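Just so we're aligned, residue 5 is where the sequence shown starts under my numbering, counting upward by one.
By construction, the Cβ of each residue, glycine as well, lies at the ideal position given by its N, Cα and C atoms.
Please read all numbers here as calculations on a predicted model, not as lab measurements.
Structure, as structure tokens:
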Amino acid sequence: MPATLEVKCTDSDCEMDMFEMHYTYDMPDDVGVADFVCPYCRGTDCLEAIEL
5 MPATLEVKCT
15 DSDCEMDMFE
25 MHYTYDMPDD
35 VGVADFVCPY
45 CRGTDCLEAI
55 EL
């Protein structure tokens, strides 16, 4: 089953609470939250993985 990554945006001005990324193909092992941007505010250093 492809990996799922739950992410939250920590920018206080952003309206995005959290979102999930579902990988539909094999991602390299070193890909993480730092490789993505917030889909709402486009911030690059404000994303944080949610650990369940």
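Apart from the five residues just before and just after residue 37, which ones in its own chain have a Cβ nearer than 8 Å to its Cβ? 9, 11, 51, 52, 53
Residue 11 - partner residues in DSSP beta bridges: 23, 53
How many Å lie between residue 32 and residue 40 at the Cα? 14 Å
Neighbourhood of residue 22 by C-beta distance below 6 Å, restricted to the same chain and skipping five residues each side: 12
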